[in-house]
Every structure is written in C-alpha cells, then in structure tokens.
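Only one structure is covered here, and it is reproduced in the block below.
Residue numbers (the numbering used here): 27 to 215.
Below is the structure:
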C-alpha cells in the first residue's frame, strides 16, 4: 500500500529513530517497503538498511534528486516522504489507512502532512518560536512529512531535481486546499 522514502544524509541515529515507528506499519501490511536514500554513502546507512530490512539506494546529487530517485524506485501506489529524525506518533497507521481510503474513494486528489510537534526533550529557543509562527503563516514545512498518491505526485512533477527548496516548492504546488493536516503528530529529533 505505502512506500516510505527517507533521505538519510548519512545520519545513522536519526534514521533509526524514524524507522522504529514504521515497524508496526510493516507488520500490519500498511508499509510495503522503506527506501533509505543516502547521499555520499558512509556505509553506516547501508548496514542499517540491511539490519532493518529496508531497501538501500546510494545516490550522488541534490537532496531533491535523491527524493525523486527514491520515488521512482518505490513500488507502491502511495508514497510517504519522511526526514531522517522525524518520528511518527502512535496512531499514525490507522489515520494513514483512513486518509488513503478517503482519498481513493473521493474524486479529488489530496496529500497529507503530519501535525508538527516539538520534541519534549529539546530546549525551546527563539528560533522554535519563529518557526512555529512561520508554519501558521506559510503552511506546513517539509519536516512534517508528506503522504501522497504516486499518480498525484507524478502529475505535479514530483521533486524537481535541480530546484532549490524542492520540498517546499512541492508543498506550495499542492496548496493549502489540497493538503490535509493529519491529527497524528510528527516529532523531529
């Protein structure tokens, strides 16, 4: 049903943190595959992929090109893009299934983003306050993940490989009217 694409940037610990909540999704059959896309391969992510049963894709190029390559390699009709270090809250599986069903039964393509939540273990800084304000004004950021049907993603042109801020560009292209803010939270570590 769902392919999860995670650009890792070679960061082992944040990647493992992101994978942990995906395990129940794989056990229930919601997550068909996880692709770890690593730019500049250090070897650590390849070992994580091997141990976790994920597909590993080494890639040279921009982050946007890596995301696009991951989407091309994915086998499922639905794609979920997550940043390494983004941890989904409990309840994401049921809500994701319901969202996919609603969109599949509907006549209008939609994409979903998770509700951003600050880590309870991080110190609150001025930057956090400014980013929260920016989320209210500009809409969701790419670190909130993206859940989108493959055909909708492809119709939009996906992540433009050479575009600066391709993730933000794709979110703007989707627009607020076709984005659903899911109730499940996502915390970045």
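Quick reminder that beta carbons are idealized off the backbone N, C-alpha and C, glycines included.
Coil, strand or helix - residue i by DSSP
i           : result
residue 70  : helix
residue 130 : helix
residue 182 : coil
residue 45  : helix
residue 102 : coil
residue 96  : helix
residue 117 : coil
residue 59  : strand
residue 28  : strand
residue 89  : helix
residue 138 : strand
residue 215 : coil
residue 107 : strand
residue 54  : coil
residue 192 : helix
Among the options, nearest to residue i - alpha-carbon criterion
i           : options            : result
residue 58  : 64, 66, 48         : 48
residue 175 : 186, 205, 169, 188 : 205
residue 180 : 211, 50, 196       : 196
residue 36  : 27, 72, 203, 141   : 72
residue 28  : 63, 43, 51, 142    : 51
residue 103 : 46, 123, 110       : 123
residue 78  : 38, 67, 85, 97     : 38
residue 110 : 209, 96, 33        : 33
residue 85  : 61, 74, 198        : 61
Inter-residue spacing [alpha-carbon to alpha-carbon] between residue i and residue j
i           : j           : result
residue 41  : residue 132 : 34 Å
residue 119 : residue 56  : 7 Å
residue 201 : residue 177 : 17 Å
residue 166 : residue 115 : 17 Å
residue 128 : residue 169 : 24 Å
residue 63  : residue 113 : 17 Å
residue 212 : residue 190 : 24 Å
residue 139 : residue 172 : 5 Å
residue 82  : residue 107 : 15 Å
residue 94  : residue 66  : 16 Å
residue 31  : residue 68  : 19 Å
residue 70  : residue 97  : 22 Å
residue 46  : residue 143 : 17 Å
residue 54  : residue 209 : 20 Å
Cβ-heavy atom distance, residue i to the ligand ATP, below 7 Å
i          : result
residue 94 : Absence of the ligand ATP from the depicted structure is noted, as is the absence of any ligand whatsoever, leaving it without description.
Per DSSP, cross-strand counterpart(s) of residue i
i           : result
residue 200 : Answer is none; residue 200 lacks a bridge partner.
residue 33  : 63
residue 206 : 138
residue 81  : 61
residue 75  : Beta-bridge pairing links residue 75 to no other residue.
CB contact below 8 Å: residue i versus chain B
i           : result
residue 172 : Here chain B cannot be found, since the structure has a single protein chain.
Item to complete: For the stretch 126–142 and the stretch 76–89, state whether three or more C-beta atom pairs, one from each stretch, are separated by less than 8 Å.
Response: Result no; under three Cβ-Cβ pairs closer than 8 Å.
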